[in-house]
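A.B. asks: This is the structure, below, for whatever I ask next.
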Amino acid sequence: MTVDSGTTKKTERFRGQELVTRVKELIHQGNVRRIRVKNDEGHTVMEIPVTAGVVAAIAAPVVTAIGAIAALAKEWTIEVDHVPTSEKEAGEDTGE
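Residue numbers (full-length UniProt numbering): 1 to 96.
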């Protein structure tokens with residue numbers, strides 16, 4: 001996990017339907033700024049900007065697209081940019 005300009009970046013790996021489930025959860029969390037889906041070779045195949053005002057509008061088509069690509073590779077990586085939810089989180093030291 002890294003911290004850059006008040007945003008925390010987290011990377012997670014998933015397979016198949018797990019990817020769809022996790023992206024749905026992230027879209028509805030409310031503290032996510034951007035989600036990048038990368039294939040098993042590390043290439044970005046989808047980048048999703050997430051803002052509170054458009055969550056409902058983008059959720060269905062994005063989840064449908066993620067479901068379609070989930071079957072194409074053995075493993076997917078998602079990079080999630082989180083917006084700090086408190087002053088404590090914004091000032092966390094990651095040790096890097």
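Glycine is no exception: its CB is placed at the ideal position from the N, C-alpha and C atoms.
By the 10 Å Cβ neighbour count, where 16 or more other Cβ atoms means buried, how is residue 82 classified, buried or exposed?
C.D. replies: Buried is the call here.
A.B. asks: Taking the C-alpha atoms as reference points, what is the distance between residue 66 and residue 23?
C.D. replies: 8 Å
A.B. asks: Under a three-way DSSP split, which group does residue 43 fall into?
C.D. replies: Here residue 43 sits in coil by DSSP.
A.B. asks: Does the distance from the C-beta atom of residue 59 to that of residue 27 stay below 8 Å?
C.D. replies: A contact, by the Cβ cut-off of 8 Å.
A.B. asks: Hey, quick one: how far does the beta strand (DSSP E) through residue 13 stretch, first residue to last?
C.D. replies: 7 to 14
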